Each structure stands twice: as structure tokens, then as C-alpha cells.
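Enquirer: Numbering (this note's numbering), first residue to last: 1 to 279.
In this text, a Cβ means the ideal position worked out from N, Cα and C, and glycines have one as well.
Quick caveat, the model's predicted, so the values are computed rather than measured.
Have a look at this one:
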């Protein structure tokens, strides 16, 4: 079977399994990279031609280990690539496309997970000052991300009917992993949201994710801070952890399925440790 045909079948299975569009795109991107490397190496893009040695050669190649400008990829990036290759060939074996997975020897590299990038109070103030000079929609989006910790995709999927401002809650229906949850709105944000939805129906923010990312990045540059939409989520998480000292509270606020995903916020916050020991 041709690699591209197998990738298409794998994508269909991922969709049937309920995997998110972001996960499916990442797998596809990694596997297309494998296809490009096979073509550049003169190896037929057929499953039968891909052995454990071929997989090892690919994963140690510059195409797999370097960025477009020739710098080394982060260990987290190469681990994601390894995972995509391993899971794809596990699927191929289970589906009967290959007799035995050529990715069976692939292992993750050890790497220390970097602490989440969160904004300081001063950086948040500068960002909000810049946001206040732009469109009301864009300012509200930034304040919502900072105040609720929603993922950008979750915020952009919100509809007016998802807001219950009387209770100060938002129903997050299109959440990661298809796990709907309720997010809590900071009290100071309720009047802004009430004014925004007073004459609106349908989507709360009718813009694309790419456009929203560009807007946030432009604001960040003008405010002289390094920030992305996900950085705003991290900033909210760190604020909640510093206020509560309880990682379970942070887990609930972020909508993580497991506290194991959330615990990294506890690892990197010296302020909580200093307060706990009276330093």
C-alpha cells in the first residue's frame, strides 16, 4: 500500500476515534514529512519499503531534527514527531496494512518540560493598555482569555447563548477532547460582556483563529511583551495558582482531564513556595 493511502486511512480512523482536528493535522504534517524524506532519499513511498532501519534513518535525519533555518528542534517537537510515527505504524499493524510495525522501536527522548510562559502583572497591564486602544472586540477577547483561561479555539467557538451572565458562567461546549465544561467569568468582565452581547446573536467573536492570533501578536509587540493566545491561558493559570496554592483548583479552571497535566504550574512558581515557608 502507498504511504499516502495509508495516511488517509489513518486520518479517517483518528476522526472516527474522536481525535481533535488539531491532533489530526499534526499527525498528517509529521507523516507527510516522512513521505518527503522518503522521496528525497530515493526510497519508495510504500509501507512494505519502510523498515525499522528506514524509520531510524528518518528520525535521525536533518529533515526530522532541524527547523527550516537549520537550527535544532526542541526535544518536545522531536518527541511529537516520534509519537506520530509510532502511533501511525501501530495503527498500520492493527489494521493489517503491515505484518509488523516498523516503528515498534521508537522511543521518546528524555526532556525537561519547560515551564509555561506566563505574563507578569506589569506585562498584563501594558498589554491591556494597548488592547484598550484598539477595536472593542479585540480588547474583549484578550480580557476574556486572561480572565477565564479559555483556549483560543474555545473562545472563538462561543455563541451568545453560551453566556449566563446572571450566574457569571460560560458553557464551553466545544472544548478540547469533547469535554464540555463551565468556565467562570471574573466579576469585572461581566458588564463588558453584557454590553457586547446586548445587540448580538450567534458567535461571540466571528473571526478566524489565524486572524485572532495575528491581532494578539500585534498587540504584544506594541506592548513590548512576548505573548500568544496560549500564553494568556498560562497567565490566568499562574494567577489562580498563586491565589489558591491548590493545583486542583487550577485543573478545574483550565478544564484539564487530569491533574498530571496541570502540575507543571506548581513546579515553576517560586512565589507560592516562598509564601508557604514564610520567606
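So what does DSSP say about residue 138, is it helix, strand or coil?
Expert: Helix at residue 138.
Enquirer: For residue 184, report the span of its beta strand (DSSP E) as first-last.
Expert: Per DSSP, residue 184 belongs to the beta strand (DSSP E) from 181 to 184.
Enquirer: Nearest-angstrom Cα distance between residue 127 and residue 105?
Expert: Taking the straight line joining both Cα atoms gives about 47 Å.
Enquirer: Thinking C-alpha only, which one of 107, 48, 53, 32 is nearest residue 75?
Expert: It is 107.
Enquirer: Alpha carbons only, please: which of 14, 62, 84, 100 is nearest the one belonging to residue 49?
Expert: Checking every option, the nearest Cα to that of residue 49 belongs to 100.
Enquirer: Could you name the residues that DSSP lists as bridge partners for residue 172?
Expert: Residue 172 pairs with 181.
Enquirer: Between the alpha carbons of residue 214 and residue 235, how many angstroms are there, rounded?
Expert: Each residue's alpha carbon lies about 19 Å from the other.
Enquirer: How many Å lie between residue 103 and residue 5 at the Cα?
Expert: Taking the straight line from one Cα to the other gives about 18 Å.
Enquirer: Counting along the chain, where does the alpha helix (DSSP H) carrying residue 235 start and finish?
Expert: Where residue 235 is concerned, the enclosing alpha helix (DSSP H) stretches over 229 to 244.
Enquirer: Look up residue 24 in the DSSP assignment and say whether it is helix, strand or coil.
Expert: Note: residue 24 maps to helix in three-state DSSP.
Enquirer: Would you kindly report the start and end of the unbroken alpha helix (DSSP H) that includes residue 219?
Expert: From DSSP, the alpha helix (DSSP H) with residue 219 extends over 209 to 222.
Enquirer: Assuming residue 7 contacts residue 31 under a Cβ cut-off of 8 Å, what Cβ separation, rounded to an integer in Å, is found between them?
Expert: Confirmed, about 5 Å.
Enquirer: What's the C-alpha gap between residue 218 and residue 150?
Expert: Roughly 20 Å separates the two Cα atoms.
Enquirer: Alpha helix (DSSP H) containing residue 152: first to last residue?
Expert: Its alpha helix (DSSP H) spans residues 152 to 156.
Enquirer: In whole angstroms, what is the alpha-carbon distance linking residue 19 and residue 203?
Expert: If you take the alpha carbons of residue 19 and residue 203, they lie about 24 Å apart.
Enquirer: Using the Cβ count rule (16 or more neighbours within 10 Å means buried), how would you classify residue 226?
Expert: Residue 226 comes out exposed.
Enquirer: What are the boundary residues of the alpha helix (DSSP H) that residue 87 is part of?
Expert: Per DSSP, residue 87 belongs to the alpha helix (DSSP H) from 75 to 94.
Enquirer: Within the same chain, show all residues whose beta-carbon is closer than 7 Å to that of residue 16, passing over the 5 residues directly before and after it, in chain order.
Expert: Cβ neighbours of residue 16 beyond the five flanking positions: none.
Enquirer: Quick test of your reading: residue 200 and residue 143, contact by CB under 8 Å. State the CB separation rounded to the nearest angstrom.
Expert: In fact, because the Cβ distance is near 17 Å, the residues do not count as touching under 8 Å.
Enquirer: Please state if the CB of residue 82 and the CB of residue 59 are separated by a distance shorter than 9 Å.
Expert: In contact: residue 59 and residue 82 (Cβ atoms closer than 9 Å).
Enquirer: Nearest CA to the CA of residue 222: which residue from 233, 124, 237?
Expert: The candidate whose alpha carbon is nearest that of residue 222 is 124.
Enquirer: Which parts of the stretch 9 to 70 are runs of the alpha helix (DSSP H), unbroken and 4 residues or longer, counting only runs that do not cross its ends?
Expert: Qualifying alpha helix (DSSP H) stretches, in chain order: 21 to 40, 52 to 59, 62 to 65.
Enquirer: What first and last residue would you give for the alpha helix (DSSP H) that runs through residue 191?
Expert: It spans 190 to 197 - the alpha helix (DSSP H) in which residue 191 sits, taken as one unbroken run.
Enquirer: Checking 9 Å against the spacing of the C-beta atoms, do residue 140 and residue 232 come in under that value?
Expert: Taking 9 Å as the Cβ cut-off, residue 140 and residue 232 do not qualify as a contacting pair.
Enquirer: Might you give, ordered along the chain, the residues of its own chain that have their beta carbon closer than 8 Å to the beta carbon of residue 39, omitting 5 neighbours on each side?
Expert: Once the five neighbours on either side are set aside, the close Cβ partners of residue 39 are 45.
Enquirer: Among 64, 93, 90, whose alpha-carbon lies nearest the alpha-carbon of residue 80?
Expert: Selected option, being the one with the closest Cα: 64.
Enquirer: Just the C-alpha distance for residue 56 and residue 198, rounded to the nearest angstrom, thanks.
Expert: The alpha-carbon atoms of residue 56 and residue 198 are separated by roughly 58 Å.
Enquirer: Using 10 angstroms around the beta-carbon of residue 1, count the other beta-carbons present and answer buried if the total reaches 16, otherwise exposed.
Expert: Exposed, since its Cβ has fewer than 16 Cβ neighbours within 10 Å.
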